[in-house]
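Take a look at the structure set out below.
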Amino acid sequence: MHSLPTDTIESLRRRLQSRPLHYGPLALPTRYLLSPLAGYTNLPFRRIVRSLGGVGLGTTDLVNARGLMAGGEKTHHLIESCPEDRPFAVQIFGSEPAVMRDAAQFLEGRGVDSIDINMGCPVARITAIGAGASMMCQPNQTMTLVRTVVESVRVPVTVKMRLGWDDTQLTAPQFAREFEQLGVAAVAIHGRTREQGFSGVVNRDGIRQVVEAVSRIPVIGNGDIRTVADGIGMLHETGCHGISMGRGALANPWIFRQFQEWEETGSFTPAGTFNDRMILLRRQFGYLVERHGEQPAIPMFRKMAHWYAKAMLVPAPLRNLLNQAPTPAAFEDALAQIEAHGPARGDRTGILPDLYIPVPSGPNERW
Ligand SMILES: Cc1cc2nc3c(=O)[nH]c(=O)nc-3n(C[C@H](O)[C@H](O)[C@H](O)COP(=O)(O)O)c2cc1C
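The working numbering runs 69 ahead of the 1-based position in the sequence shown.
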């Protein structure tokens, strides 16, 4: 399963079992967290991964603190939750301490379990207003902002950041140490710099330096975890206390359950079959239909349908039929054809080939 010696893996597993993950007073059910993916990790998707088990915490897509306070309808959709979506965090971004404080207090009033400050977003439209990853370039303002948010609420406040702006400024360890002093409950580190975007590999040594920089708070390691073996490598090499998965969860929504099984028993069950994925696809689409109606749900679901179909090894012409379906009837017809055809390789009820499923990445402008 992994190139590490078995006894190394076993001692890692025992160490993890003896140290459950906490964000301040909030005990998380597992250390396997869903990373925010704007446009994907909405409530319907979070309900799907929750139903499969193993998720320690779900986080919303990043939410504009100013937009939230202005009462924008789209922004308010982003913070919707439901009883099975717990514990959950809302991730906010902004550069004005007072607005971030108001947003945090508003969210606390709505019952969110934790508030995450986005300090990692490399998208120009967000860094241009002094938010997201550009906060790593303005340490004084950043400390003021984070302190203001931490002091304004009782729920745990966390920060998600990259290793630094670029290779010459790997400032995450220093930030993490100072955040700990301010009362931040945990930090999550995507092991790349802002300049790197999504290119190259995750720098686990950089994440380890963040782990070593703090004394009490948990550090969540993030980036490129697609399999249980990847996660074991991250936990082992960095000493981090938890891990978060974004794109890996799109390709394999069972990944959280697999990690939990591995931590509890040392082995884990395979990801779902073609038929299992078809059920999830329909269920997730159904959640959107319940909330928004059938016709509006179709374009809203397109991006997700694409990744479901890829993971199900649906041949390209049928994937295109699904992606381009203009009406509910055409969508249903495409699904019926996909069901009738089955996967391009393997069968409907067997373990699908362990494919490297391409997942969204791209230039900084698009995350
Ligand atoms: C399409 C897309 C949207 C993302 N949206 C967010 C976001 O809203 N907030 C955030 O902190 N990170 C966001 N990220 C970064 C992810 O949370 C994560 O840090 C990164 O993808 C690396 O982890 P992964 O390899 O497990 O996906 C996004 C990444 C992608 C690819």
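Where is the CB? At the ideal position from N, CA and C, for every residue including glycine.
- Verify the contact flag: F325, CB atom, against every heavy atom of ligand 1, threshold strictly below 8 Å. Here the question's residue 325 lines up with position 256 in the sequence shown. F325: no, Cβ never under 8 Å from ligand 1.
- Message: Check this for me: beta carbons of G315 and S87, under 9 Å apart or not?
- Response: As a first step, residue 315 must be located in the sequence shown, where it is residue number 246. As a first step, residue 87 must be located in the sequence shown, where it is residue number 18. Not a contact, by the Cβ cut-off of 9 Å.
- Task: Express the C-alpha separation of L137 and G189 in angstroms, rounding to a whole number.
- Result: Counting from 1 along the sequence shown, the entry for residue 189 is found at position 120. Counting from 1 along the sequence shown, the entry for residue 137 is found at position 68. C-alpha separation (whole angstroms): 20 Å.
- Message: Given a cut-off of 9 Å on the beta-carbon distance, is the pair P225 and A202 in contact?
- Response: Numbered from its first residue, the sequence shown carries residue 225 at position 156. Numbered from its first residue, the sequence shown carries residue 202 at position 133. Not closer than 9 Å, so no.
- Task: Please confirm whether any heavy atom of ligand 1 lies closer than 8 Å to the CB of K229.
- Result: By one-based count along the sequence shown, residue 229 stands at place 160. Answer for K229: yes, Cβ within range of ligand 1.
- Give the single residue among T262, R82 and L90 whose Cα lies nearest to the Cα of R100. Looking up residue 100 in the sequence shown gives position 31. With distances taken between Cα atoms, R100 lies closest to L90.
- CB A380 to CB L319, shorter than 9 Å? Locating residue 380 in the sequence shown gives position 311, where the first residue counts as 1. Locating residue 319 in the sequence shown gives position 250, where the first residue counts as 1. The criterion of a C-beta distance shorter than 9 Å is satisfied by A380 and L319.
- So, helix, strand or coil for M70, using DSSP? Locating residue 70 in the sequence shown gives position 1, where the first residue counts as 1. Low confidence applies here, because M70 scores a pLDDT of 49, under 50, leaving its location unreliable and the question unanswered by this model.
- Query: According to the neighbour-count rule (16 or more other Cβ atoms, all chains shown, within 10 Å of its Cβ), is V270 buried or exposed?
  - Reply: Looking up residue 270 in the sequence shown gives position 201. V270 should be labelled exposed.
- Task: Determine which residues share a DSSP beta bridge with R273 and list them.
- Result: Numbered from 1 along the sequence shown, position 204 holds the residue referred to as residue 273. Residue pairing of R273 in beta bridges, as defined by DSSP: absent, with no partner found.
- Taking only the alpha-carbon atoms, compute the straight-line gap between G125 and P156 and give it to the nearest angstrom. Position 56 of the sequence shown, counting from 1, holds the residue named residue 125. Position 87 of the sequence shown, counting from 1, holds the residue named residue 156. So the alpha carbons of these two residues sit roughly 7 Å apart.
- Any heavy atom of ligand 1 within a distance shorter than 8 Å of the CB on R371? Counting from one through the sequence shown, the residue named residue 371 turns up at place 302. No, since every heavy atom of ligand 1 falls outside the 8 Å radius drawn around the Cβ of R371.
- Message: Quick check on H375: does DSSP put it in helix, strand or coil?
- Response: Start at 1 with the first residue of the sequence shown, and residue 375 comes out as number 306. When DSSP states are grouped into helix, strand and coil, H375 belongs to the helix group.
- Message: Is it buried or exposed, M70, if we count other Cβ atoms within 10 angstroms and call 16 or more buried?
- Response: Looking up residue 70 in the sequence shown gives position 1. Its pLDDT being 49, under 50, M70 is placed unreliably in this model, and the value from its coordinates should be taken loosely. Answer is exposed; the Cβ neighbour count stays below 16.
- Query: Less than 9 Å separating the beta-carbons of N133 and K229?
  - Reply: Numbered from its first residue, the sequence shown carries residue 133 at position 64. Numbered from its first residue, the sequence shown carries residue 229 at position 160. Judged by their CB atoms, N133 and K229 are not nearer to each other than the 9 Å cut-off.
- Quick one: residues in its chain with C-beta nearer than 6 Å to the C-beta of H259, no 5 flanking neighbours on either side, listed in chain order? One-based indexing of the sequence shown puts residue 259 at position 190. If we look at H259 and ignore the five residues flanking it on each side, its Cβ neighbours are G189, R231, N291 and G292.
- Which residue's Cα is closest to the Cα of L387: F337, E249, P368 and A409? Residue numbering aside, residue 387 sits at position 318 when the sequence shown is read from its first letter. Closest option to L387, Cα to Cα, is A409.
- Message: Assuming contact is defined by CB atoms lying nearer than 9 Å, are M373 and L350 in contact in what I supplied?
- Response: Position 304 of the sequence shown holds residue 373. Position 281 of the sequence shown holds residue 350. Cβ distance < 9 Å, so M373 and L350 count as in contact.
- Query: Across which residues does DSSP place H259 in a beta bridge pair?
  - Reply: Mapped onto the sequence shown, residue 259 falls at position 190. Answer is R231 and N291.
- Message: Rounding to the nearest angstrom, what Cα-Cα distance links R194 and R84 in this structure?
- Response: Along the sequence shown, one-based indexing puts residue 194 at 125. Along the sequence shown, one-based indexing puts residue 84 at 15. Each residue's alpha carbon lies about 42 Å from the other.
- Message: Using 9 Å as the threshold, is the C-beta distance between R179 and D154 below it?
- Response: Here residue 179 corresponds to residue number 110 of the sequence shown, with the count starting at 1. Here residue 154 corresponds to residue number 85 of the sequence shown, with the count starting at 1. Not closer than 9 Å, so no.
- Local conformation of F157 per DSSP, three classes: Taking the sequence shown and counting its residues from 1, the one referred to as residue 157 is at position 88. DSSP places F157 in the strand class (E or B) of the three-state scheme.
- Query: CA-CA distance, E401 and Q278?
  - Reply: The count along the sequence shown starts at 1 and reaches residue 401 at position 332. The count along the sequence shown starts at 1 and reaches residue 278 at position 209. When the Cα atoms are used, E401 and Q278 turn out to be separated by approximately 50 Å.
- Query: With I148 and N187 assumed to form a contact (beta carbons below 8 Å), what rounded beta-carbon distance in angstroms separates them?
  - Reply: Here residue 148 is taken as the residue at index 79 of the sequence shown, counted from 1. Here residue 187 is taken as the residue at index 118 of the sequence shown, counted from 1. With a Cβ gap of about 14 Å, I148 and N187 do not count as contacting.
- Query: What number of angstroms, rounded off, separates the C-alpha of L330 from the C-alpha of E79?
  - Reply: On the sequence shown, residue 330 is found 261 positions in, with the first residue counted as 1. On the sequence shown, residue 79 is found 10 positions in, with the first residue counted as 1. Going by the sequence as given, residue 330 is Glu instead of Leu. So the two alpha carbons sit approximately 13 Å from each other.
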